[in-house]
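Have a look at the structure below, then the notes.
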Ligand SMILES: [Zn+2]
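Residue numbers (my numbering): 178 to 471.
Following this line, the structure appears as structure tokens:
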């Protein structure tokens, strides 16, 4: 079933949704394993040295009176090797990037409307599939009934057992179909939940990051950026490569007026590349980053 198979192609897996939801609700999770050293450095492994492209490491270093946290490149031969960047400096600049990623309110409302349309379309397709499965189920029932009738009329034992074998096969098929009928259309509440969660994430990834634990922070990093960030020797990050949703929202903001018109009238119409300053040639009728399933 396409609706189920797509489960892991989505922007966010259900498990992640759940984790984000728990976080938003402030629910207590199981106590995490021993607080890892790495947890002091959430950007460790994610940020690359702008000079050599290798992941930067991080550590505490002992000063005269206290310990200092810093990131640095440890790659042999790299020009930036062992040049320490104070943790605060690196993480403050990162915070600025995250804050800039946040879509504007009106843009966000537009994304919300599109998301709802996409879900509604998906739901309509699922209902169609369910109807089809129910038809098949009725058909199997009819076949079983007619076989039962034939058994009654049958005179030879071998014919009876052949019919019985076919009935058994049909009964098994019936179970499979019945199960698919049950699962084709996701419960309405669950869809709503997922929309809300996706929107919360899109609206405020920085908040989630700030208030999240180490694991959630790693998840947010992976969801917001399509590539690791590069930290230059000049103390500035390279241009961030955003993941599709954020890139998409940024693209909309560049050509918002055309977008609003197009989405409002004919969401599936393809546009010539000249229609959009952002260079997007089409408006997906359902954002594919939602994945095919829940
Ligand atoms: Zn380096």
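For every residue, glycine included, the Cβ atom is placed at its ideal position computed from N, Cα and C.
Checklist entry - Residue range of the beta strand (DSSP E) that residue 307 falls in? => result Element bounds for residue 307: not the beta strand (DSSP E) but the alpha helix (DSSP H), 282–330.
Item to check | Neighbour-count burial assignment, residue 411, 16 or more Cβ in a 10 Å radius | outcome: By the neighbour-count rule (16 or more Cβ atoms within 10 Å), residue 411 is not buried but exposed.
Item to check | Outcome for residue 250 when other beta-carbon atoms lying within 10 angstroms are tallied against a minimum of 16 | outcome: By the 16-neighbour rule on beta-carbons within 10 angstroms, residue 250 is buried.
Next on the checklist: Am I right that residue 227 and residue 386 are in contact with their C-beta atoms under 8 Å? What's the rounded C-beta distance?
Outcome noted: Separation of the CB atoms of residue 227 and residue 386 is rounded to 22 Å, and the pair is thereby denied contact status at 8 Å.
Next on the checklist: Alpha carbons only, please: which of 415, 362, 416, 222 is nearest the one belonging to residue 302?
Outcome noted: Minimum Cα distance to residue 302 is reached at 362.
Item to check | Within 5 Å of ligand 1: residues by beta-carbon to any heavy atom | outcome: Checking every Cβ against the heavy atoms of ligand 1 under 5 Å gives 226, 228, 229, 250, 252, 255, 257.
Item to check | DSSP state of residue 260 mapped onto helix, strand, coil | outcome: Under the three-state reduction of DSSP, residue 260 is assigned to coil, being neither helix nor strand.
Item to check | Cβ neighbours of residue 391 in the same chain (closer than 6 Å, five flanking residues each side left out) | outcome: Within its own chain, the residues whose Cβ lies closer than 6 Å to the Cβ of residue 391, once the five positions on either side in sequence are excluded, are 216, listed in chain order.
Checklist entry - Do residue 252 and residue 260 come within 8 Å of each other at the CB atom, strictly closer than that value? => result Residue 252 sits away from residue 260, with the two beta carbons spaced by 8 Å or more.
Next on the checklist: Looking at the secondary structure, which residues open and close the alpha helix (DSSP H) in which residue 335 lies?
Outcome noted: Run containing residue 335: 334–361, per the alpha helix (DSSP H) assignment.
Next on the checklist: If contacts are defined as beta-carbon pairs under 8 Å, then residue 248 and residue 237 qualify, I think. What distance do you get, rounded to the angstrom?
Outcome noted: That pair is no contact at about 11 Å.
Checklist entry - Which partner residues does residue 238 have in the DSSP bridge list? => result DSSP lists 245 as partners of residue 238.
Next on the checklist: Short of 7 Å in beta carbon distance, which residues of its chain neighbour residue 289, apart from the five on each side in sequence? Order them along the chain.
Outcome noted: Excluding positions up to five away in sequence, the list reads 376.
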